[in-house]
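Note that the protein sequences, when read in sequence, are chains Y and D.
In this text, residue positions in the first sequence follow our numbering: the first is 1, and each later residue adds one.
In this text, residue positions in the second sequence follow our numbering: the first is 1001, and each later residue adds one.
All C-beta atoms, glycine included, are put in the ideal place defined by N, C-alpha and C.
Number of protein chains: 2
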Amino acid sequence: MPRKPNYDKDDLINRARNLFWKRGWAGTSLKDLEAALQMKPGSFYAAFGSKDALFALAMEKYATDGRARLKALAQDHGPIKALQRFPKMVIESDDAPAKACMLSKTLLELQAHNHPLAEEANQHLLKMEAQFAELFQQAQSEGSIHPAHDPKVLARRYQSDLLGLRVSAERTGVDAHAIADEIASGIVGL
Amino acid sequence: MPRKPNYDKDDLINRARNLFWKRGWAGTSLKDLEAALQMKPGSFYAAFGSKDALFALAMEKYATDGRARLKALAQDHGPIKALQRFPKMVIESDDAPAKACMLSKTLLELQAHNHPLAEEANQHLLKMEAQFAELFQQAQSEGSIHPAHDPKVLARRYQSDLLGLRVSAERTGVDAHAIADEIASGIVGL
DNA sequence: TATATACTTGAGTGATCACTCAAGAAACCC
DNA sequence: GGGTTTCTTGAGTGATCACTCAAGTATATA
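Have a look at this one:
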């Protein structure tokens, strides 16, 4: 009896993520979304419920994809090389809608309004940081990093450096690649 | 024949800066500003012309004050100590409306819309970076930093680290002070 | 005190915001 | 093909957006 929707929900979320990532929460209107997703308001709300609900899905996809890319990098090249290459990777991908991190953009935009999405962004950042810590810990087990270091401390700093790099990469007149190289070489000497 | 306005324009800009800094550009409505500045729309537009014009004034005040604080720090303690203390300073000031940098918040929010304020934010960041470079150069002249380093490279990285720190300081569950300490101690060994 | 010149007031502007809902179209089971 | 169910359509909702402007008020000079 039912009727199938004529859209691919995953594809829609991807397109929404790209818009939200680039333009931010307030900067993306429903009209923008309707145009990008080729959906009329009725379909949109039937499918996603609200702008915020779709934003949450988009952010989750963003975070999941990020973790997957880092994991793949670690499986291919080991923890140390993955941590070294990741900064370059995130600022070099040309298909990405923005250089800056969507999670930090969301946090900065919505934190002051106590918007639930800001807390969600924070949770995603924590997960990412945990993954960094795990890689630092693995590198330590391999002997690539001095045992005196605390992986969690290294991960905290790494995450901070990465966020700074990605803000810098958004600027004009700043050689972000050079900064990425410096971050990478900073990991070697630990 | 004229009539004096019954407000202190500098004070108004300060209050506007605090609002914009905390809530961002889109997150601050004219109603918010009217309430904070105790001004009716007519007076507001007679005094400032537009929301964007006031934002530009607020951002300029933010940038000028920042440079003044760093300059004072350098005059009191010398370039190296100033660069070491500045990170702690910016995330510790309790009266500040936010931990994150207003310039980076503005850049991230408005860059994708090609809003002129994004470019203004970028210019202010460049000025700040130049001041950092100057201090690194002074420290080098004093012999506190190895002559092989390029002050501009150091400043670029320092600025990036600072931006990352200030995003991290906005998060919950992250010890930003520890990161600030790490940045500071990273300067000693140059 | 009279007049000129601001500044202040606040209701009101059209535009856009996120969102709703009734009606029509399409795909499934029988 | 009939009937049921879901999806799609798009005009329309009240609220809020940045902003305007004519009228009223206060202060300066003359």
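{"Asked": "Against Arg1171(D), what residues of chain Y qualify as contacts under a CB-to-CB distance less than 8 Å, listed in chain order?", "Found": "Leu107, Asn122 and Leu125"}
{"Asked": "Using only CA atoms, which one of Lys1081(D), Arg1166(D), Leu1190(D) and Arg1156(D) lies nearest to Glu1129(D)?", "Found": "Arg1156(D)"}
{"Asked": "How far does the alpha helix (DSSP H) with Gly164(Y) in it extend, from its first residue to its last?", "Found": "Pro151 to Ser168"}
{"Asked": "Against chain D, which members of the region 18-36 of chain Y pass a CB distance test of less than 8 Å?", "Found": "Lys22, Arg23, Gly24, Ala26 and Gly27"}
{"Asked": "Check this for me: beta carbons of Leu125(Y) and Gln159(Y), under 9 Å apart or not?", "Found": "yes"}
{"Asked": "Near Ala1133(D), what residues of its chain come up, given a Cβ to Cβ distance below 7 Å and the 5 sequence neighbours on each side ignored?", "Found": "Pro1151, Lys1152 and Ala1155"}
{"Asked": "DSSP on Val1188(D), reduced to helix/strand/coil?", "Found": "helix"}
{"Asked": "Please report whether the beta-carbon of Arg1015(D) lies at a distance below 9 Å from any beta-carbon of chain Y.", "Found": "no"}
{"Asked": "What separation, rounded to the nearest whole angstrom, lies between the Cα atoms of Gly1042(D) and Glu1034(D)?", "Found": "10 Å"}
{"Asked": "Does the beta carbon of Ser1093(D) come closer than 9 Å to any beta carbon on chain Y?", "Found": "no"}
{"Asked": "With DSSP collapsed to three states, give me the class of Ala1058(D).", "Found": "helix"}
{"Asked": "Could you tell me the distance, in whole angstroms, from the CA atom of Gly24(Y) to the CA atom of Glu109(Y)?", "Found": "8 Å"}
{"Asked": "Quick one: is Glu1119(D) near chain Y, going by C-beta distance under 9 Å?", "Found": "yes"}
{"Asked": "Would the beta-carbon of Ala180(Y) fall within 9 Å of that of Leu165(Y)?", "Found": "yes"}
{"Asked": "Count the other CB atoms within 10 Å of the CB of Gln1084(D); is the residue buried (16 or more) or exposed (fewer)?", "Found": "buried"}
{"Asked": "Could you give the DSSP three-state label for Tyr1045(D): helix, strand or coil?", "Found": "helix"}
{"Asked": "Tell me which residues of the region 1141-1171 of chain D have at least one Cβ-Cβ distance to chain Y shorter than 8 Å, keeping chain order.", "Found": "Val1153, Arg1156, Arg1157, Gln1159, Ser1160, Asp1161, Leu1162, Leu1163, Gly1164, Leu1165, Val1167, Ser1168, Glu1170 and Arg1171"}
{"Asked": "Thinking C-alpha only, which one of Ser1144(D), Gly1186(D), Ala1053(D) and Gln1111(D) is nearest Thr172(Y)?", "Found": "Gln1111(D)"}
{"Asked": "By the DSSP assignment, the alpha helix (DSSP H) with Asn1122(D) in it spans what residues?", "Found": "Pro1116 to Ser1141"}
{"Asked": "According to DSSP, simplified to helix, strand and coil, what is Pro79(Y)?", "Found": "helix"}
{"Asked": "Under 9 Å, do Ala1192(D) and Leu1012(D) count as touching if we go by C-beta distance?", "Found": "No statement about residue 1192(D) is possible, as the shown extent of chain D runs from 1001 to 1190 and does not include it."}
{"Asked": "In terms of residue numbering, what span does the alpha helix (DSSP H) encompassing Asp1010(D) cover?", "Found": "Lys1009 to Arg1023"}
{"Asked": "So is Gln1075(D) in contact with chain Y if we call contact Cβ pairs under 9 Å?", "Found": "no"}
{"Asked": "Since I believe Leu1030(D) is in contact with Arg1015(D) (beta carbons under 8 Å), could you give me their beta-carbon distance rounded to a whole number of angstroms?", "Found": "Actually they do not touch by this definition, with Cβ atoms about 14 Å apart."}
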